[in-house]
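The structure under discussion appears below in the form of structure tokens.
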Ligand SMILES: [Ca+2]
């Protein structure tokens with residue numbers, strides 16, 4: 770029912786070396802909407818994002834996204850320092866009910882209508898913990914520095930994040946390479962609700978409940994001959 774670039778494996782090869790030692794945390798920035806992010810540790814480097822999910826809705830949803838908007842997009846647009854403009858919602862093919870959304874458009878919302886804007890996944894320890902704003906006793910925003918004492922780590926602005934269990938890894942002196950794998954189980958990831966009306970245009974398309982528990986992370990190390998250690 771849905772597809773995106775992340776449905777095919779992506780390989781990234783960082784230039785830096787990983788020093789031998791024990792690593793207990795791995796942090797992933799998960800861009801939920803179009804925009805740009807900078808980090809205090811690398812002030813001249815910005816990460817631009819345009820997370821796009823194309824959804825092929827069932828027959829009958831041709832008017833799910835309104836057509837009376839310029840250039841067939843809705844919502845806000847963002848122009849990045851690089852001069853790129855990203856849109857949050859777009860009609861790809863209204864005749865066949867195919868629409869493009871940003872991830873944030875599909876996030877569940879709290880009782881006040883605020884998105885549960887999970888943007889940082891911290892793989893660490895054994896505890897699942899989701900920091901969700903809009904819930905009694907939970908502050909509206911968090912800064913990573915409130916949670917992790919990671920030298921040089923900081924972000925511009927505040928992000929909501931969750932802790933996802935991970936055993937960590939001890940990189941051995943004889944290790945020649947390490948493969949990190951992030952997996953997101955997309956099976957049934959989108960759910961469609963009728964919003965208690967027969968009108969399909971007010972139906973709610975949303976990521977499945979506890980979608981963050983579908984993320985998993987692993988690290989495997991190899992010696993110079995390619996043997997797993
Ligand atoms: Ca409805």
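Residue numbers (this note's numbering): 770 to 998. By construction, the Cβ of each residue, glycine as well, lies at the ideal position given by its N, Cα and C atoms.
Identity of the residues DSSP links to residue i by a beta bridge
i           : result
residue 952 : 985
residue 790 : 940
residue 893 : 794
beta-carbon residue i near ligand 1 non-hydrogen atom, thresh 8 Å
i           : result
residue 866 : no
residue 964 : yes
residue 834 : no
residue 969 : yes
residue 759 : Coverage of the chain is limited to positions 770 through 998, which leaves residue 759 absent and any answer about it impossible.
Backbone CA spacing between residue i and residue j [nearest angstrom]
i           : j           : result
residue 995 : residue 873 : 40 Å
residue 858 : residue 878 : 17 Å
residue 820 : residue 940 : 32 Å
residue 893 : residue 967 : 44 Å
residue 990 : residue 783 : 15 Å
residue 778 : residue 869 : 21 Å
residue 831 : residue 823 : 14 Å
residue 871 : residue 811 : 26 Å
residue 773 : residue 951 : Per-residue confidence for residue 773 stands at a pLDDT of 45, beneath the threshold of 50, marking its modelled position as unreliable; no derived number is given.
residue 935 : residue 795 : 8 Å
residue 993 : residue 797 : 27 Å
residue 931 : residue 816 : 21 Å
Same chain, Cβ closer than 8 Å to residue i, five either side skipped, listed in chain order
i           : result
residue 977 : 957, 958, 959, 960, 983
residue 833 : 826, 866, 868, 969, 970, 972, 974
residue 861 : 823, 867, 868, 869
Residue i: CB within 8 Å of a non-hydrogen atom of ligand 2
i           : result
residue 794 : As far as ligands go, the structure on display features ligand 1 and does not contain ligand 2.
Spatial neighbours of residue i in its chain, beta-carbon cut-off 7 Å, leaving aside the 5 residues before and after
i           : result
residue 937 : 791, 792, 793
residue 997 : 989, 991
residue 864 : 831
residue 979 : none
Same chain, Cβ closer than 6 Å to residue i, five either side skipped, listed in chain order
i           : result
residue 963 : 972
residue 946 : 991
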